[in-house]
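First residue of the sequence shown: 1, per the UniProt record's numbering; consecutive thereafter.
Ideal Cβ placement from N, Cα and C applies to all residues, glycine included.
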Amino acid sequence: MITYFCGMKFPIFIFHELIIRLDQANPQIGRYRSHTSQNEAFILLTEKGSVIIPEHFLEMQFQDPNLINEVEIAILAKNFRMS
Numbered sequence: 001m002i003t004y005f006c007g008m009k010f011p012i013f014i015f016h017e018l019i020i021r022l023d024q025a026n027p028q029i030g031r032y033r034s035h036t037s038q039n040e041a042f043i044l045l046t047e048k049g050s051v052i053i054p055e056h057f058l059e060m061q062f063q064d065p066n067l068i069n070e071v072e073i074a075i076l077a078k079n080f081r082m083s
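Now the structure itself:
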């Protein structure tokens, strides 16, 4: 499955990879379930809640995961909201 957003293609594994990284920083996040797009961001839904991820982080995860440093991962993980 490939998701198109603003002309950029994101294979589904990109969402899974990013959730795995976020879960390592915040174990409350859990496993990836689905996603929706909103403006220039994606809402990633997990088994325990949701987190909003700006599109450019998905682009970086797709191009080279090392482009997202651990501080950025920690900040994104803190934005997780339990359902």
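For residue i, which three-state DSSP category applies?
i, result
"Pro-11", "strand"
"Gln-28", "coil"
Please name the residue in the options whose C-alpha comes closest to that of residue i.
i, options, result
"Ile-52", "Thr-36, Ile-12, Glu-59, Ala-25", "Thr-36"
"residue 110", "Ile-14, Gly-30, Arg-21, Pro-54", "The chain is shown only over 1 to 83; residue 110 falls outside these bounds and no answer can be derived."
"Thr-46", "Ser-34, Leu-18, Ile-14", "Ser-34"
"Gln-61", "Glu-72, Leu-18, Lys-9", "Leu-18"
Considering residue i, what are the terminal residues of the beta strand (DSSP E) in which it resides?
i, result
"Phe-80", "No beta strand (DSSP E) holds Phe-80; DSSP gives it neither H nor E."
"residue 137", "Outside the shown range of the chain (1 to 83) lies residue 137, about which nothing can therefore be said."
With respect to the alpha helix (DSSP H) encompassing residue i, which residues constitute its N-terminal and C-terminal limits?
i, result
"Gln-63", "55-63"
Can a CB atom of chain D be found closer than 9 Å to the CB of residue i?
i, result
"Glu-17", "This model lacks chain D altogether; it includes just one protein chain."
Measure the beta-carbon distance from residue i to residue j and round it to whole angstroms, keeping in mind my assumption that it falls under 8 Å.
i, j, result
"Phe-57", "Ile-68", "6 Å"
"Gly-49", "Ser-83", "4 Å"
Cβ contact check for the region 25-36 and the region 73-83: 3 or more pairs under 8 Å: Yes: the two stretches touch, three or more of their Cβ pairs being nearer than 8 Å.
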